[in-house]
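J.:
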Amino acid sequence: IYQGGAMTASRDAAQQSLAAANAAIKTAQLDASQKLNASRDEAVNLAQSLGIQKRQQQLGEQTRALYQDQYLQLGSRPLLDLLNVDQEIYQARFSQVLTESQLRSLELDCLFSTGKMRSVFALEKQNIQGVEIRP
46 IYQGGAMTAS RDAAQQSLAA ANAAIKTAQL DASQKLNASR DEAVNLAQSL GIQKRQQQLG
106 EQTRALYQDQ YLQLGSRPLL DLLNVDQEIY QARFSQVLTE SQLRSLELDC LFSTGKMRSV
166 FALEKQNIQG VEIRP
């Protein structure tokens, strides 16, 4: 029986839906890949920055020891210099903590982008508040 092209139209619509779904999958994969690459690059930069910040703190501590000796033994260093170097040391420590926090956040972004979040936190096949977590 002739259906007026309804079968062909239905088949074409299904093919279009399949093509749209495949395009959406490729777009999601590309987006995840781009986010992963950006997170990796930023993590490398932050790790380098962390090394610099640690070196700054070490130099600050050496400077503080020198200034403290000059202040206590020689009387040639003002107390304000000693206080300023302490402030620089604590600022370097604060920067390190922030950088480490950003690195941890990027690690989570990488885990999410690669789809490994559940396995890393051992959440697969777990029941959480009555909801089963599936792979």
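Numbered according to my numbering, the sequence shown terminates at residue 180, and the numbering increases by one at each position without gaps. Glycine residues also receive a C-beta, built at the ideal position from the N, C-alpha and C atoms.
For the alpha helix (DSSP H) containing Arg-56, list its first residue and its last residue.
T.: On the sequence shown, position 11 is the one that residue 56 refers to. Element bounds for Arg-56: 51 to 114.
J.: Taking a contact to mean a Cβ-Cβ separation below 7 Å, would you say Ser-158 touches Lys-71 in this structure?
T.: Position 113 of the sequence shown holds residue 158. Position 26 of the sequence shown holds residue 71. Contact flag unset, no.
J.: Once you ignore the five residues that flank Gly-175 on each side, which residues in its own chain have a CB closer than 6 Å to its CB?
T.: Here residue 175 corresponds to residue number 130 of the sequence shown, with the count starting at 1. So no residue of the chain qualifies.
J.: Val-176 bridges to which residues according to DSSP?
T.: Position 131 of the sequence shown, counting from 1, holds the residue named residue 176. In DSSP, Val-176 forms a bridge with Ile-173.
J.: Between Ala-137 and Gln-102, which are expected to be in contact by the criterion C-beta below 8 Å, what is the C-beta distance as a whole number of angstroms?
T.: Taking the first residue of the sequence shown as 1, we reach residue 137 at position 92. Taking the first residue of the sequence shown as 1, we reach residue 102 at position 57. Confirmed, about 4 Å.
J.: Using the three-state DSSP reduction, which class does Leu-128 fall into: helix, strand or coil?
T.: Position 83 of the sequence shown, counted from the start, is the residue given in the question as residue 128. Here Leu-128 sits in helix by DSSP.
J.: With DSSP collapsed to three states, give me the class of Leu-168.
T.: Start at 1 with the first residue of the sequence shown, and residue 168 comes out as number 123. In this structure, Leu-168 counts as coil in the three-state DSSP scheme.
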